[in-house]
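Below you'll find the structure, written out as structure tokens, and then a few comments.
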Amino acid sequence: MKKIALGSDHAGYELKEHIKDVLYEAGYDVLDFGTDSEASVDYPYFGFEVAKTVSDGKTDAGILFCGTGIGMTIVANKVKGIRAALVNDLYTAIQSRRHNDANILVLGGRVLGKGLAEEIVKTWLATPFDGGRHEKRIEKITEWEKEHFM
């Protein structure tokens, strides 16, 4: 069973709650790092918490939500070992996994409807990394992180 970390700010809260239910129904072990309402909060805290748990290997993947997804993507990609992808369509969901081995999916709560978001999540989680020629590119990112990240 895959363990998935979730996090959102106030603008992504409603979509996070919906996707959390979808993941539970599909049998995933879900860790919800918040937020727990639509009251205004600062997204970096939640993004960093999810990214750290994925980077540390405590969860297999993460899904972050904010208004557009842009802020959470920026935050998550500041954490060593994270390859967060902002996704608004099925093709990008597939490619982010197949070619980039993305380990965090980011969705915009004010951009996506629940139906499309569900399909994106299901597709993203079901898509494996292709490896091959893409593996060496991921390795280059990892090597750069080793040299430049603390």
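Numbering (our numbering), first residue to last: 2 to 151.
Just so it is clear, CB atoms sit at the ideal spot from N, CA and C, and this is done for glycine as well.
DSSP state of Ser152 mapped onto helix, strand, coil: Residue 152 is absent from the model: the chain starts at 2 and stops at 151.
Member of His11, Lys3 and Glu146 whose CA lies at the smallest distance from the CA of Pro45: His11
Rounded separation between Gly68 and Thr54 - CA only: 22 Å
Ile64, enclosing beta strand (DSSP E) - first and last residue: Ala62 to Cys67
Per-residue DSSP class, three states only, for Ala6: strand
Counted within 10 angstroms of its Cβ, other Cβ atoms place Gly133 as buried (16 or more) or exposed: exposed
Ser41 classed as buried or exposed, judged by whether at least 16 other C-beta atoms fall within 10 angstroms: exposed
Local conformation of Gly13 per DSSP, three classes: coil
Stretch pair the region 119-126 + the region 73-81: three plus CB contacts closer than 8 Å: no
Ala27 in three-state terms, based on DSSP: coil
Per-residue burial, Phe66 [other beta carbons within 10 Å of its own, 16 or more giving buried]: buried
Beta-carbon proximity check, Ser56 vs Thr36, cutoff 8 Å: no
Contact set for Ile105: own chain, Cβ-Cβ below 8 Å, skip 5 residues either direction: Val51, Ala52, Val55, Ala62, Gly63, Ile64, Leu65, Ala77, Ile83, Arg84, Ala85 and Ala86
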